[in-house]
Each structure stands twice: as structure tokens, then as C-alpha cells.
Amino acid sequence: MVPTPILIGGVCKRWRVAIISTPLLWTKIRMDIYLPSTLASTLNLFRLFAARSGTCSLDIAIGFGQSTTYHGDQMFCPGSVSEAQLELPQLLVNALAASVERWKFLRISYSTSFLSMVEQALGRRHPWSMQRLRKLVLTFNLGWIGSQNEIPIRISIFLSAPNLRHIDFGHMHNSSWRQELQLPWQQIEQLDHVYALNYNDFTLCLQQSPNLIRFDVLVIRSSPPPTLQAVPNLVRHPLQSLSVHFRDECTTFLRNTVLSHLRDLRITHVHSSFPWEVVTSFMSASPALRRLVLRIRHFKVLHEDMRTMLHALPRLEEFELFYCQISQQTCSNELFADLTLTSSARCDTSALLPNLRVLSLVGVFAMDPIIFTAMIRSRSGKDAPGTTTLQSLHMYIMENDILLTSDDLAEVKALMGYRAHIYQIDRMPFRSPTFPDLL
Numbered sequence: 129m130v131p132t133p134i135l136i137g138g139v140c141k142r143w144r145v146a147i148i149s150t151p152l153l154w155t156k157i158r159m160d161i162y163l164p165s166t167l168a169s170t171l172n173l174f175r176l177f178a179a180r181s182g183t184c185s186l187d188i189a190i191g192f193g194q195s196t197t198y199h200g201d202q203m204f205c206p207g208s209v210s211e212a213q214l215e216l217p218q219l220l221v222n223a224l225a226a227s228v229e230r231w232k233f234l235r236i237s238y239s240t241s242f243l244s245m246v247e248q249a250l251g252r253r254h255p256w257s258m259q260r261l262r263k264l265v266l267t268f269n270l271g272w273i274g275s276q277n278e279i280p281i282r283i284s285i286f287l288s289a290p291n292l293r294h295i296d297f298g299h300m301h302n303s304s305w306r307q308e309l310q311l312p313w314q315q316i317e318q319l320d321h322v323y324a325l326n327y328n329d330f331t332l333c334l335q336q337s338p339n340l341i342r343f344d345v346l347v348i349r350s351s352p353p354p355t356l357q358a359v360p361n362l363v364r365h366p367l368q369s370l371s372v373h374f375r376d377e378c379t380t381f382l383r384n385t386v387l388s389h390l391r392d393l394r395i396t397h398v399h400s401s402f403p404w405e406v407v408t409s410f411m412s413a414s415p416a417l418r419r420l421v422l423r424i425r426h427f428k429v430l431h432e433d434m435r436t437m438l439h440a441l442p443r444l445e446e447f448e449l450f451y452c453q454i455s456q457q458t459c460s461n462e463l464f465a466d467l468t469l470t471s472s473a474r475c476d477t478s479a480l481l482p483n484l485r486v487l488s489l490v491g492v493f494a495m496d497p498i499i500f501t502a503m504i505r506s507r508s509g510k511d512a513p514g515t516t517t518l519q520s521l522h523m524y525i526m527e528n529d530i531l532l533t534s535d536d537l538a539e540v541k542a543l544m545g546y547r548a549h550i551y552q553i554d555r556m557p558f559r560s561p562t563f564p565d566l567l
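In my numbering, the protein residues as written are 129 to 567.
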């Protein structure tokens, strides 16, 4: 794919002059190395962008395709390899290291071999600085693998990035990076896509990162052994936003974690049961909670459990519910009837979510349109005493949902007007469509 500045510059001579004289247009460098034969063009492209971007900060992305393998000091590929080709990997590393002072965002396939080469190149040009680096993204490496008998390497270059605040681990399932990569945990404010082996792995992340504010997509793969569960250690942390996926039971996490500053919580649970009492207790200990995204899969939820949980969250302002199973009827008529406000809402302590401003429903819905419309009507007019008007409604309805049609929602659309956002979808989204970013 031709990079955008080169593509636009090829339109005419005037545009070419304008593009070349605008350094900011050359700050995004994308290098996808799928074959050893592409290294030369990749190196030339990097040098071109590095030169034309002047002194501007750089946004660099480097990926290695599965057909590209690097072992020690050789690049192996089908056929013969010239001496010039053998020098290309080191030349690319040297060019990358020469621009280190300008790195602002760095996305790279995680390879200790490649990062070690970068570290050695930086050592040869000491002193150097990584002052501008703000975000680091490490992705699963397919191609640049290093020698099979490689001695374990400790990579420490990112300890020299005083302004690094955001690290994305790009869904790396293997945990070897924990032993190989040294990071400035004390200054990190956001972690993304972390696969924790168990609850204890998660607590270690919190203990290492006292200034962590956002944890976006934490996957806890299993519960700790029974011997460890017997002596729980209560973990407290000022974390403000958390998106967590439980692959196993979540009771240990919920009972032993106190996040009193939590404002945004997203839970995905795929286990056969959900400890609602423990969930409610966990959320009640987070008085600052303003947004809840709940993704329910593969198990039945009783209306009473959902009602108890929502009743414990009177300050909640934004609520999104994902649901996949028609037969379970989580979005029951009883729930929407309970969400209907009355004129006595100020005095009625049993009213659910009196401060709700944004409601988002995603998936398959089993509901009576009349009851649902009555709930929307009660929340879309002037504020009832002690309550808040519903500012926006978002609905993402699965196309195969025969239980609810667009005609059923005609009155809802009339009540909400431009504040109603109703769509049909053909698959369940991975992230929240209404709240894509953490608070």
C-alpha cells in the first residue's frame, strides 16, 4: 500500500512541493515486513519519512510477517542471500535507533532479539534520550524470532522513557515478556490488553503500578489454586476505569479487590454462573461508579439478581447491557417495568437508576414493546423530582431478533427524537459501541 504523503504528492507538481514542505505529514511511519526481500524498500521508506518529518515527533509501527524469520545474525529465506541483504536488518535497526529522541508512539512486534539489537545500537550512540515516548504497543510476534538457543535477554531501554504513560500488550498470551522486559511501572497510567494467568498475576500488576488509572481489557484466565484462595489478601488501588474479562470464576477477584475510586466498570463473564451477591457487594464499595457495561454470555440471569445489583447503584449515570441468548430473557418485562419511574420517584427508595442519563442495549431482546415504551416515556420527559432525564438511548439489535422489530420501537423513536440511536447489527461487537473509550 502506497503511503498517503507519497500518494497525494503524486497528483501534481504543486501538491508534491506542498507535501514535501509539510513535515507533519511524514510523522506516521508504517513498516510491515512480510518477506526478507522487502527489507530494502522498508529501510528506504523509513529513511525518507525520518528525513522529511524534520524534528517532529514520530508515530512508528513495525510488524513482522510470518514468512519473515530472523535468527541471530542472519535472515533466512528461500534461495540464496547476498551480503548486502545480510546487512539490511542491522541498517534498519541503526536507522530506528537514530530517531529515538523523536519517538512518541511506538508499535512493534515483540521480539527480544530485535529489541536487543535496538538496545545495542542505542548503546553505541550514547548519550541518547527517549523523552517524547508516551505510548508503547507490543504485539504478538510472528516472524522475527531470534536464535532458538538464545540466552534469556533483559530489555531495559524503556526505563529511559520518563514520559511513558500508556502500554498496550496487544493480546500477547505468552507471559515470557514479564521476565524479559523491564518497564517503568511506577509511572504507568494505562495498561491495555493484559492477559493475567490468574488473580495473583493481576494483583502483581496493581502493586507494580501505583499510579495506574485505566485498565482496558484485562483478561483473567483462571482462578488461583484452593490453597491460595484460603488466605485472601485484600487489594486496594485508586484505579478509576476497568474493563475485565473473566474466563473462569470471578469470586476471588470480586471479594478481594477494593476499587473505591472506580468510575467506569466493564465486565465480561463467560462462566456458567455469576456470583451476583458478591458482584453487588463489589460495586457498592465503589461509590464513584458512574458507568457500567455488562456483557452476559452463556448463562441464565434471574430478574431478582439484576434488580438487586442495579438498586445498589443509585448514582449510576450510564448503563450498557450486552446479551446474546434469546431463551434466557435477561431483558425481561419485569426489569423494564422496574426501571419505569413514577411521580413519587423522589420518595421511592426502590426506584432503579434514578440518575440514568444514557441507556445502551446490545444484542437479542425479549421484551414487551408496550412496557419498554412506558419506561422510556417515564424517563424522557421533564425531570421527575429527584431524577434525571434520559439524555440518549442506544439500541443495537441483532438482525435475527424476531422478537423485536423496528415498528415496535416507533413510539420510542418519537419520544426520544434525535436522542434515539437504534441500529440493526449482524454480529456482537467486541467493544462497547456506545462507550468505546474508558472514562
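Every residue gets a Cβ at the ideal spot worked out from N, C-alpha and C, and that includes glycine.
Would you kindly check if the distance between the Cβ of residue j and the Cβ of residue i is under 9 Å?
i      : j      : result
His373 : Pro338 : no
Leu489 : Met437 : no
Glu308 : Ile341 : no
Ala416 : Leu390 : yes
Ile504 : Val540 : yes
His439 : Ser414 : no
Leu370 : Val386 : no
Ala223 : Leu167 : no
Leu152 : Thr132 : no
Leu243 : Ile295 : no
Ser237 : Gly191 : yes
Leu430 : Met411 : no
Leu287 : Pro312 : yes
By Cβ distance, which residues of its chain are closer than 6 Å to residue i, with the 5 residues on each side in sequence left out?
i      : result
Thr562 : Glu448, Ser488 and His522
Pro564 : none
Leu356 : Note that Leu356 has pLDDT 48, beneath the 50 cutoff, so the model's placement of it is unreliable and no number is given.
Leu346 : Val322 and Val372
Ser178 : Sequence inspection shows Ala at residue 178; the Ser mentioned does not correspond to that position. So the list reads Ser227, once near-sequence residues are dropped.
Thr267 : Ser237 and Gly298
Thr396 : His373 and Arg423
Arg158 : Ala189
Gly207 : At Gly207 the pLDDT is 46, less than 50, meaning the model places this residue with poor confidence; the figure from the coordinates comes in the next sentence. Here the set comprises nothing.
Asp536 : Pro497
Gln368 : Ile341, His389 and Arg391
Which residues in the same chain have their Cβ closer than 7 Å to the Cβ of residue i, if we skip the five residues on either side of it in sequence?
i      : result
Asp554 : Glu527
Arg547 : Gln519, Ser520 and Leu521
Ile136 : Trp143 and Ile147
Lys156 : Asp187
Gln552 : Ile525 and Glu527
Arg180 : Ile148, Pro151 and Trp154
Gln336 : Trp313
In the DSSP assignment, what are the bridge partners of residue i?
i      : result
Ala479 : Note: Ala479 sits in no beta bridge, so no partner.
Ser239 : Answer is none; Ser239 lacks a bridge partner.
Ile525 : Gly491 and Gln552
Asp296 : Val265 and Asp320
Trp231 : Leu186
Phe343 : Leu319 and Leu370
Asp392 : Ser369 and Arg419
Leu287 : BP columns for Leu287 are empty, so no partner.
With a threshold of 8 Å on Cβ separation, who are the neighbours of residue i within its own chain once the five nearest residues in sequence on each side are excluded?
i      : result
Arg349 : Tyr323, Ala324, Leu325, Asn326, Arg375 and Asp376
Met556 : Phe450, Cys452, Val490, Gly491 and Met526
Thr568 : The structure shown has nothing for residue 568, since the chain only spans 129 to 567.
Leu334 : Leu340, Val363, His365 and Leu367
For the ligand HEM, any of its heavy atoms closer than 8 Å to the Cβ of residue i?
i      : result
Gly545 : Within the structure as shown, the ligand HEM is missing, as the structure has no ligands at all.
Check your understanding: Are the segment 257 to 270 and the segment 284 to 294 in contact at 8 Å, needing three or more beta carbon pairs?
Key -> yes
Check your understanding: For the 8 Å Cβ check, are there 3 or more pairs between the segment 458 to 468 and the segment 404 to 420?
Key -> no
Review point. Which whole runs of the beta strand (DSSP E) in the segment 141 to 197 are 3 residues long or more, in chain order?
Key: 156 to 161 and 186 to 192
Practice item. List in chain order: all unbroken beta strand (DSSP E) runs of 3+ residues lying wholly within the segment 415 to 440. Key: 419 to 424
Practice item. Could you tell me whether the segment 218 to 234 touches the segment 182 to 191, using the rule of 3 or more Cβ pairs below 8 Å? Key: yes
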